[in-house]
Amino acid sequence: MDGATPPHGDAPPTADGGLIDEVTGLRSRGRQLVEELVRLSRQLAELHRAVRAGQAAAASQRSPERPAPRLPVGGPSVPRRGREPVGRPERDSRLP
4 MDGATPPHGD
14 APPTADGGLI
24 DEVTGLRSRG
34 RQLVEELVRL
44 SRQLAELHRA
54 VRAGQAAAAS
64 QRSPERPAPR
74 LPVGGPSVPR
84 RGREPVGRPE
94 RDSRLP
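According to the numbering used here, the sequence shown holds residues 4 to 99 in order.
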């Protein structure tokens with residue numbers, strides 16, 4: 004190389020300090036974005052707490068004589084139509 008072109012990745016120097024100003028501006032913008040992200044994260048946490056509190060309040064107001072329906076532990080006791088029985092398939096007697 005003859006030194007006339009800067010190596011790849013190096014920005015050409017400017018007489019008015021443009022590169023320094025650009026980096027300073029990018030840092031400032033980065034700080035603004037981080038501050039906004041923190042603010043939005045806090046808002047999301049507050050909304051999440053409010054939703055959870057609302058769900059808890061709704062659950063406590065549910066009438067005790069009609070609790071939420073629940074399935075048995077093993078699932079539905081009535082087999083669904085159209086389903087094959089579970090287990091080992093019968094061996095075809097035509098096979099040797």
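Even for Gly, the Cβ is constructed at its ideal location relative to N, Cα and C. Every value quoted in this text rests on a predicted model; they were computed, and no experiment measured them.
Check: Euclidean distance between Cα positions of Arg34 and Thr27; Outcome: 11 Å
Check: DSSP-derived helix/strand/coil call for Val76; Outcome: coil
Check: Alpha carbon of Met4 to alpha carbon of Arg32, nearest angstrom; Outcome: Note that Met4 has pLDDT 48, beneath the 50 cutoff, so the model's placement of it is unreliable and the number below is only indicative. Between Met4 and Arg32, the C-alpha separation is close to 36 Å.
Check: Gly57 to Leu47 span [Cα, whole Å]; Outcome: 15 Å
Check: Between the CA atoms of Leu50 and Val41 - distance to the nearest angstrom; Outcome: 14 Å
Check: CA-to-CA distance, Leu29 to Arg45, given in whole angstroms; Outcome: 24 Å
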